[in-house]
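**Student:** Read in order, the letters of the sequence shown are residues -18 to 475 in the working numbering.
Just so you know, even glycine gets a beta-carbon here, dropped at the ideal spot from N, CA and C.
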Amino acid sequence: MSLIRHFINGREVADAERTGPVFNPATGVQQHEVAFASVGEVEQAIAAASAALPGWRATGLIRRADVFFKLRHLLVERQGELAAILTSEHGKVLSDAAGEISRGIENVEFAAGLVHLLKGEHSEQVARGVDVHSLKQPVGVVGAITPFNFPVMVPLWMVASAIACGNTVVLKPSEKDPSAAIFLAKLFQEAGLPDGVLNVVHGDKVAVDTILDSPEVRAVSFVGSTPIAKSIYERASANGKRVQALGGAKNHMVVMPDADLEGAADAAVSAAYGSAGERCMAVSVLVAVGDVADDLVEAVRSRMRALKIGDGTDAASEMGPLITREHRDKVASYVTGAAAEGATVVVDGTTQQFDGDGFFVGVSLVDHVKPGMKVYDDEIFGPVLSVVRVESYEEAVALINANSFANGTAIFTRDGGTARQFEFDIEVGMVGVNVPIPVPIGAYSFGGWKNSLFGDSHIYGPESVHFYTRSKVVTTRWPNPSESQINLGFPSNH
Ligand code: NAD
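(1) Taking the C-alpha atoms as reference points, what is the distance between G353 and G318?
(2) Could you check which residue in I213, G205, A217, S206 has the C-alpha nearest to that of E197?
(3) Would you call the CB atoms of N382 and E408 closer than 8 Å?
(4) Taking only the alpha-carbon atoms, compute the straight-line gap between L56 and S256 and give it to the nearest angstrom.
(5) Please report the distance separating the alpha-carbon of F386 from that of G470.
(6) Would you report the Cα separation of A269 and G429, rounded to the nearest angstrom?
(7) Okay, do the segment 391 to 400 and the segment 414 to 434 touch, 3+ Cβ pairs below 8 Å being the bar?
(8) Run through the DSSP bridge pairs and tell me what V234 is partnered with.
(9) Could I get the ranges of all uninterrupted beta strand (DSSP E) runs contained in the segment 109 to 155, with 3 residues as the minimum, in chain order?
(10) Opposite S385 in the DSSP bridges: which residues?
(11) Where does G207 sit, in a helix, a strand or coil, going by DSSP?
(12) Exposed or buried, which one is N5 when buried takes at least 16 other CB atoms within 10 Å?
(13) Does the ligand NAD have a heavy atom nearer than 7 Å to the CB of T127?
(14) Sorry if obvious, but does the Cβ on P136 come closer than 7 Å to a heavy atom of the ligand NAD?
(15) Hey, is the segment -1 to 16 in contact with the segment 329 to 349, meaning 3+ C-beta pairs nearer than 8 Å?
(16) Ends of the beta strand (DSSP E) at N220?
(17) For the ligand NAD, I want to know if V264 counts as a neighbour, meaning its beta carbon is within less than 7 Å of at least one of the ligand's heavy atoms.
(18) Considering only the beta carbon of each residue, do S83 and Y441 sit closer than 8 Å?
(19) Sorry if obvious, but does the Cβ on S(-17) come closer than 7 Å to a heavy atom of the ligand NAD?
(20) Whose C-beta lies closer than 7 Å to the C-beta of A32 among residues of the same chain, with five residues either side of it excluded?
(21) So what does G413 bridge to, in DSSP terms?
(22) What residue ranges within the segment 40 to 70 form continuous alpha helix (DSSP H) runs of no fewer than 4 residues, ordered along the chain?
(23) DSSP has S370 in a bridge; who is on the other side?
(24) In its own chain, which residues sit with a C-beta less than 6 Å from the C-beta of S433, not counting the 5 before and 5 after it?
(25) Going by alpha carbons, who is nearest to S367 out of N474, V187, V264?
(26) Given that a residue counts as buried once 16 or more other Cβ atoms are within 10 Å of its Cβ, and exposed if not, what is M(-18)?
(27) Can you give me the C-alpha to C-alpha distance between V135 and V151, rounded to a whole angstrom?
(28) Are the segment 192 to 212 and the segment 78 to 97 touching by the rule of at least three beta carbon pairs closer than 8 Å?
(29) Quick check: does the Cβ of E(-2) come within less than 7 Å of any heavy atom belonging to the ligand NAD?
(30) Can you give me the start and stop residues for the alpha helix (DSSP H) that F169 sits inside?
(31) Any idea what DSSP makes of L34, helix, strand or coil?
(32) Taking V140 as the reference, which of F341, G410, V122 has the closest Cα?
(33) Spatial neighbours of H482 within its chain, please: CB distance less than 7 Å, with the 5 preceding and 5 following residues excluded, ordered by chain position.
(34) CA-CA distance, Q106 and P472?
(35) Is the beta carbon of V316 closer than 8 Å to that of V365?
(36) Suppose you measure from the CA of L42 to the CA of N148; what does that come to, to the nearest Å?
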């Protein structure tokens, strides 16, 4: 069985005293071991990043951009190979894996054009003979900690901007599907990135805590579940670092009585069951307003029967397995528990049989769900769609605004005024109007509110430039020596 090693200072290394299993979720068979980094190995990675920092920081912006132009070319050229790696360790179907990579490429494109956003400001003559200009300088070594569900895109959300801004990085990807991060690091190297600028360490809390506690790491970007995001935010900020920690989600899709019902049902099925519901922007709650509920539930139910669930490498499959056996069983427990909580299980996917030992579960639809039920309150992160019935638009907004998660939401309506009011009223970071998964393009930034993001910067796009740089403001005067004089007063520009 092959060992997946760390990538430190341009080389694959591992003492591999501790390791973890990497499965193929479609077969349930372990296919690799992944090395779990010791404190010493993470410190080596941080030292490599620190050593590479002065050289990379001094590298011209146009030379930095060259790396990203080459990287984009390589990612496009090898998209199929990378998608196959994703599918074999994550389980998502190949077309979905290719979609993830193409969204990650948007972050590389953004980084290639970063010279524009790294411009400072200049004010001439703020006082007689005095000018002021501002600079954006890198923060230093950045720690990047990523979840299992987007093993290419989420690392690229972080490392593309961080590196383009002149920082160096230690990336700790998910131990469940770690190969894609190593593939990416090698591609960066092939694109001309100097050794030590991007390092990858695998592992668990030991690796993460070493990053969070290192005085050399100046900023931490995290994406994962809410409890871990909160603890990362608290520990890293207590250590004086900048932190952005993106957490979990419970995304509501509101369907107004005037919506195109067929279109809304298509969107709900796609966004709830795509990638087996393991997307932080998956729709997990359908909010049926007024008398739309019965028809909507029936429209969704009728579409579910046709979904093809199977090995992600099979071109006919639309949905693959879940990430682990334990996660599959936990997801199933929400469906089996829902009836006892008073909800109506319309479609029970947990009873669907699959050949082999893969971590598959069927798709489920649960109606008459209410806050206070576990199926509503918890992030399930699987192919389970709940339906909450409400009387009015106001009740729909109140429901969503009372939820502790606030990553994404959507409204389906034909009424522009209702859509505009929703955009105004809703306390959620990303909003879709007749768009069920409103993940912003790479030129905007991504982030939720409340328990879906700890910190004040959204990730990738323009806000990442703010997060990965420090401002410096320089006030300049070139006096004639004859004008020199002593003045103990506070300098005034008037
Ligand atoms: P997770 O929180 O279990 O793990 C995320 C990362 O943290 C991994 O690298 C993991 O090794 C590490 N980690 C786990 N436990 C830790 C601990 N006790 N101390 C330190 N580090 C620890 O998340 P996951 O299961 O890999 O990913 C799914 C979660 O990520 C879902 O909740 C999903 O909503 C969320 N997610 C959020 C976004 C977003 O943008 N808001 C995007 C993708 C995924």
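**Tutor:** Judging by the given coordinates:
(1) 13 Å
(2) A217
(3) At a Cβ-Cβ threshold of 8 Å, N382 and E408 count as neighbours.
(4) Straight-line spacing of the CA atoms in L56 and S256 works out to 21 Å.
(5) 52 Å
(6) The straight-line gap from Cα to Cα measures roughly 23 Å.
(7) yes
(8) Per the sequence shown, residue 234 should be read as Met rather than Val. Answer is L267, A391.
(9) 111 to 119, 122 to 126, 149 to 153
(10) The partner list for S385 (beta bridge, DSSP) is empty, contrary to what the question assumes.
(11) Sequence inspection shows Thr at residue 207; the Gly mentioned does not correspond to that position. Here T207 sits in helix by DSSP.
(12) That one is buried.
(13) yes
(14) Incorrect: P136 has no Cβ contact closer than 7 Å to the ligand NAD.
(15) Touching, yes.
(16) Per DSSP, N220 belongs to no beta strand (DSSP E) and is neither H nor E.
(17) no
(18) no
(19) no
(20) Once the five neighbours on either side are set aside, the close Cβ partners of A32 are G177.
(21) A391
(22) 42 to 58
(23) With the sequence shown as reference, residue 370 is identified as Arg, and Ser is not the correct amino acid for it. R370 pairs with A269.
(24) G228, A230, F386, A387, N388
(25) V264
(26) exposed
(27) 14 Å
(28) no
(29) no
(30) 160 to 171
(31) The answer is helix: DSSP assigns L34 an H, G or I state.
(32) V122
(33) Look at the range of the chain in this structure, -18 to 475, and you will see that residue 482 is not part of it.
(34) 15 Å
(35) yes
(36) Approximately 12 Å, taken between the alpha carbons.
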